[in-house]
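To start, the structure under review is shown below, and the notes come after it.
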Amino acid sequence: MSSTLAYIWYVLFLIPVVLFVILDGADLGTGIISLAHRGPLRAKLIDSIGPLWYANETWLVIAFATLFGAFPLAYSLVLSSLYIPIMLMVFGLILRAASTEFRNHNAKNDFWSSAFGVGCLLGVLGQGFLLGGLLSNLKIQNNSYLGGIWTWFDPASIMAALAVVAAYVMLGALQTAKKQGVDEALKMKAFRRIIVTSFTLFVAAAILIAVQGDFQTYIWRFPHSLFLLLFSAAVVLGYSMLMLASWSKADRNVYYNWAIVIFLGFFGMIFSATFPYLVPFNISITQAAAPQRTQVFMLPGVGAVLFLIIIYNVYIKRVFTGKG
Amino acid sequence: MNSALNIARVQFAITAIFHMTWPLLTIGLSVFMLILEALWLKTGNETYYRHVRYWSKIFIVVFGIGVASGIPLEIEFGTNWSRFATAGGDIMGSLLAVEASTAFALEAAFLAIFYFGWDRVGRRMHLFSNAMVALGASLSAFWIMSANSWMQTPAGVTAAGGKITINNFAAAIFNPDLPIAFAHIWAAAIETTIFFVAGICAWNILRNRNKDFFLKAFKVMVIVGIVFTPLQIILGDASGLEVAKNEPTKSAAMEAHWDTNRPGEGAPWVVIAWPDQAAQKNTWEITISDGLSVLNTRSLKGQVEGLRAFPVNDQPPVVLPFYAFRLMVLLGIVMVVLILAALWLWIRKKLRSETLTGNRFFWQAWVWAIPIGFIATWCGWIVREVGRQPWVIYGLMRTSDGVSLNIGTGPVIASLILFIAVYAALFGAFIYFTRRTLMQGPDLNSPLPVQKYRRVQVRRE
Numbered sequence: 007m008s009s010t011l012a013y014i015w016y017v018l019f020l021i022p023v024v025l026f027v028i029l030d031g032a033d034l035g036t037g038i039i040s041l042a043h044r045g046p047l048r049a050k051l052i053d054s055i056g057p058l059w060y061a062n063e064t065w066l067v068i069a070f071a072t073l074f075g076a077f078p079l080a081y082s083l084v085l086s087s088l089y090i091p092i093m094l095m096v097f098g099l100i101l102r103a104a105s106t107e108f109r110n111h112n113a114k115n116d117f118w119s120s121a122f123g124v125g126c127l128l129g130v131l132g133q134g135f136l137l138g139g140l141l142s143n144l145k146i147q148n149n150s151y152l153g154g155i156w157t158w159f160d161p162a163s164i165m166a167a168l169a170v171v172a173a174y175v176m177l178g179a180l181q182t183a184k185k186q187g188v189d190e191a192l193k194m195k196a197f198r199r200i201i202v203t204s205f206t207l208f209v210a211a212a213i214l215i216a217v218q219g220d221f222q223t224y225i226w227r228f229p230h231s232l233f234l235l236l237f238s239a240a241v242v243l244g245y246s247m248l249m250l251a252s253w254s255k256a257d258r259n260v261y262y263n264w265a266i267v268i269f270l271g272f273f274g275m276i277f278s279a280t281f282p283y284l285v286p287f288n289i290s291i292t293q294a295a296a297p298q299r300t301q302v303f304m305l306p307g308v309g310a311v312l313f314l315i316i317i318y319n320v321y322i323k324r325v326f327t328g329k330g
Numbered sequence: 040m041n042s043a044l045n046i047a048r049v050q051f052a053i054t055a056i057f058h059m060t061w062p063l064l065t066i067g068l069s070v071f072m073l074i075l076e077a078l079w080l081k082t083g084n085e086t087y088y089r090h091v092r093y094w095s096k097i098f099i100v101v102f103g104i105g106v107a108s109g110i111p112l113e114i115e116f117g118t119n120w121s122r123f124a125t126a127g128g129d130i131m132g133s134l135l136a137v138e139a140s141t142a143f144a145l146e147a148a149f150l151a152i153f154y155f156g157w158d159r160v161g162r163r164m165h166l167f168s169n170a171m172v173a174l175g176a177s178l179s180a181f182w183i184m185s186a187n188s189w190m191q192t193p194a195g196v197t198a199a200g201g202k203i204t205i206n207n208f209a210a211a212i213f214n215p216d217l218p219i220a221f222a223h224i225w226a227a228a229i230e231t232t233i234f235f236v237a238g239i240c241a242w243n244i245l246r247n248r249n250k251d252f253f254l255k256a257f258k259v260m261v262i263v264g265i266v267f268t269p270l271q272i273i274l275g276d277a278s279g280l281e282v283a284k285n286e287p288t289k290s291a292a293m294e295a296h297w298d299t300n301r302p303g304e305g306a307p308w309v310v311i312a313w314p315d316q317a318a319q320k321n322t323w324e325i326t327i328s329d330g331l332s333v334l335n336t337r338s339l340k341g342q343v344e345g346l347r348a349f350p351v352n353d354q355p356p357v358v359l360p361f362y363a364f365r366l367m368v369l370l371g372i373v374m375v376v377l378i379l380a381a382l383w384l385w386i387r388k389k390l391r392s393e394t395l396t397g398n399r400f401f402w403q404a405w406v407w408a409i410p411i412g413f414i415a416t417w418c419g420w421i422v423r424e425v426g427r428q429p430w431v432i433y434g435l436m437r438t439s440d441g442v443s444l445n446i447g448t449g450p451v452i453a454s455l456i457l458f459i460a461v462y463a464a465l466f467g468a469f470i471y472f473t474r475r476t477l478m479q480g481p482d483l484n485s486p487l488p489v490q491k492y493r494r495v496q497v498r499r500e
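Protein chains in written order, with my numbering: chain D, 7 to 330; chain H, 40 to 500.
Written out as structure tokens, the structure is:
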């Protein structure tokens with residue numbers, strides 16, 4: 007089995023995941039923020055998200071499909087062992103979709119606006135528990151899962167879920183600030199509070215995850231330690247720049263770009279702490295990979311098209327914003 | 040364990056039936072809108088443009104519900120059917136991955152320009168986007184049907200030690216069931232859309248709302264229907280023949296055919312019966328002699344294997360496929376009759392706006408027929424999936440060997456209840472919105488989109 011091909015697929019899987027988290031994370035975060043408000047302000051916040059929610063979910067569909075196609079073993083093990091987080095996420099996303107449909111067609115009442123926010127919150131909690139569960143050393147032996155349905159539920163995964171919620175809220179707040187007309191939603195003081203909360207929860211989650219099981223020893227090994235250090239530095243830098251920007255009168259785009267740096271830093275940290283494992287410390291990328299024949303078959307379909315879609319999305323953005 | 044298996048099956052059945060309702064309309068409406076937009080560009084007749092805009096409003100809602108309800112299906116392979124996903128993942132996973140990236144992403148991406156881009160891109164680019172949406176929707180159905188038909192007639196693989204290995208991808212994709220299964224479901228999408236659209240037209244005509252506008256679309260639907268309603272019956276028959284050849288247990292179950300006919304005698308076709316699986320016979324039945332031999336072998340005395348020829352634990356349930364199949368056939372015939380009735384009125388020059396009002400029953404029948412294509416397609420899927428039991432991959436893997444082991448009944452029941460709740464909300468959104476769109480009527484006055492590409496200036500601070 008060619009391991010190079012497996013790593014290519016690992017990257018092709020990560021691309022839609024990163025795109026989904028960053029693009030949809032901002033929308034989901036805004037949805038969560040809307041829960042804290044009432045009436046017209048809440049409606050305005052949700053309206054700022056725009057009608058293209060399904061465009062983001064396209065990335066989620068591609069991410070899952072890529073994982074299934076390229077790493078069927080990991081797909082079945084992760085999804086069945088993390089049944090509740092997965093279902094929570096999917097349920098939240100469908101609830102959001104349903105309430106968006108109602109709201110888009112003039113049922114802008116408080117019920118569907120609340121349902122929208124709750125859908126976003128559940129969807130994000132599901133993602134957070136999923137991350138926490140995945141990083142909490144699933145009990146897998148001989149390619150089968152030995153734990154129970156609630157095994158993932160521990161302090162580390164709870165903290166991870168809270169950290170993900172806070173990070174999405176931060177991203178959502180920044181996206182809202184970037185768009186015009188919702189400035190009043192984002193008083194600088196509240197903004198700073200969001201940044202500090204997100205950072206604190208991130209540190210707490212990172213520590214809780216790092217002290218469990220195999221992480222303790224694994225993360226100190228070279229070159230994992232080096233990369234982990236570099237990516238953590240990027241995250242810390244991102245948070246610091248956000249704080250600095252919040253005191254100055256910086257361009258709103260600057261905030262958003264630093265938030266992207268933070269998120270890429272998160273991914274980099276997870277990558278450094280787990281590589282070459284796909285399911286941390288149980289199943290490596292090459293072990294989980296589908297046979298070479300399957301990987302080669304999918305390559306023109308998924309690999310090439312993925313880049314065409316990205317180019318196309320840039321084109322769409324230009325058509326709709328007139329930029330560039 | 041058995042109850043966990045059954046509840047997982049119920050969950051998959053409900054989520055699958057709910058999901059597949061919407062792609063029927065997105066496939067059909069996208070093709071329909073492509074025809075209308077091409078007609079607009081060709082003839083310059085504004086009505087066609089108004090129609091595209093009108094139906095695209097419904098399309099976007101249907102598409103959204105389709106996306107939202109599709110995610111659970113993809114997920115369930117991993118969550119509830121993890122052993123199936125592990126064993127068959129090389130083919131199922133890769134086909135779903137190719138579907139998501141080449142077809143679904145194409146559709147979703149071009150939908151943005153199609154729906155929001157009327158004033159942003161030129162008309163040719165817009166028509167191209169419309170074509171890409173239609174292509175994406177149909178291509179998506181192709182890949183999904185390839186994966187599903189591979190479960191019916193697994194080809195191109197070798198199974199050993201609980202793992203199914205691919206040795207020929209082309210054979211796996213173009214497995215024996217694919218051509219007819221794809222043709223049958225694609226025609227079903229077109230047919231379902233014909234009756235959905237024409238029924239909405241009839242609703243408006245009955246109420247004297249924009250009669251001429253809706254009569255135009257009604258006539259287009261009748262013309263398409265002249266081709267597709269009989270074609271679907273031919274495709275259905277061909278599909279039955281293919282099933283008889285490759286999946287004898289499914290074929291025998293859907294026909295409640297228990298005993299193999301003796302040489303020199305034809306197998307009867309059971310019109311209606313009460314099948315008793317425990318006794319391995321029909322309690323009572325009305326039959327047409329030699330009918331099944333003709334259908335399945337194209338000869339009067341051809342041999343058709345009965346269910347008793349197979350061990351009981353290799354037999355699918357009979358009652359559900361048997362009745363679902365009959366309902367599907369019946370609805371297929373009703374659709375032909377409705378099209379013929381419309382044709383009859385048309386020939387007698389009764390499909391003109393001055394002469395429309397006299398045929399209330401006719402129009403009312405078309406309104407009642409709105410769900411008919413959906414119901415027929417659900418029945419078809421029930422025949423297809425229940426008839427394949429007890430196998431998840433026919434002949435290779437039993438459904439009971441594919442289910443996840445670590446998830447008890449509780450979590451699955453909980454998730455099922457949640458799914459039903461959000462699906463009810465999605466369905467409510469669809470009804471609510473379609474009703475509103477109907478009440479508002481088409482927009483006949485807004486200015487046409489600008490002709491040339493115009494870059495929209497956005498003020499930047």
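C-beta: ideal position from N, C-alpha, C; glycine also.
In three-state DSSP terms, what is residue i?
i, result
"residue 312 (chain H)", "strand"
"residue 362 (chain D)", "Outside the modelled stretch of chain D, which goes from 7 to 330, sits residue 362 (chain D), for which no answer is possible."
"residue 198 (chain H)", "strand"
"residue 285 (chain H)", "helix"
"residue 430 (chain H)", "strand"
"residue 304 (chain H)", "coil"
"residue 390 (chain H)", "coil"
"residue 339 (chain H)", "coil"
"residue 284 (chain D)", "strand"
"residue 320 (chain H)", "strand"
"residue 192 (chain H)", "coil"
"residue 188 (chain D)", "Confidence is the limiting factor: at residue 188 (chain D) the pLDDT is only 48, short of 50, which leaves the residue's position unreliable and the question unanswerable from this model."
"residue 326 (chain H)", "strand"
"residue 168 (chain H)", "helix"
"residue 54 (chain D)", "coil"
"residue 133 (chain H)", "helix"
Is residue i close to chain H? Criterion is C-beta to C-beta, closer than 8 Å.
i, result
"residue 41 (chain D)", "no"
"residue 75 (chain D)", "yes"
"residue 280 (chain D)", "no"
"residue 82 (chain D)", "yes"
"residue 26 (chain D)", "no"
"residue 187 (chain D)", "For residue 187 (chain D), the pLDDT reaches just 49, beneath the cut-off of 50, and the residue's location in the model is therefore unreliable, leaving the point undetermined."
"residue 191 (chain D)", "With a pLDDT of only 48 at residue 191 (chain D), under the threshold of 50, the placement of this residue in the model should not be trusted; the figure read from the coordinates follows. No - not a single Cβ of chain H is within 8 Å of the one on residue 191 (chain D)."
When the distance is taken between beta carbons, is residue j closer than 8 Å to residue i?
i, j, result
"residue 487 (chain H)", "residue 88 (chain H)", "yes"
"residue 461 (chain H)", "residue 12 (chain D)", "no"
"residue 384 (chain H)", "residue 401 (chain H)", "yes"
"residue 285 (chain H)", "residue 343 (chain H)", "no"
"residue 86 (chain D)", "residue 110 (chain H)", "no"
"residue 195 (chain H)", "residue 181 (chain H)", "no"
"residue 50 (chain H)", "residue 366 (chain H)", "no"
"residue 71 (chain D)", "residue 284 (chain D)", "no"
"residue 51 (chain D)", "residue 39 (chain D)", "yes"
"residue 117 (chain H)", "residue 163 (chain D)", "no"
Does chain D have any CB closer than 8 Å to the CB of residue i?
i, result
"residue 158 (chain H)", "no"
"residue 110 (chain H)", "yes"
"residue 175 (chain H)", "no"
"residue 446 (chain H)", "yes"
"residue 457 (chain H)", "yes"
Given residue i, which residues of its chain have a CB within under 7 Å of its CB, disregarding the five upstream and five downstream residues?
i, result
"residue 106 (chain H)", "none"
"residue 201 (chain H)", "126"
Spatial neighbours of residue i within its chain, please: C-beta separation below 8 Å, excluding the five flanking residues on both sides.
i, result
"residue 436 (chain H)", "123, 126, 127, 198, 203 and 430"
Excluding five sequence neighbours on each side, which residues of the same chain lie with their C-beta closer than 6 Å to the C-beta of residue i?
i, result
"residue 90 (chain H)", "75 and 256"
"residue 320 (chain D)", "none"
Which whole-angstrom value is the C-beta distance of residue i and residue j, which I expect to be below 8 Å?
i, j, result
"residue 232 (chain H)", "residue 382 (chain H)", "The Cβ separation is near 19 Å, so there is no contact."
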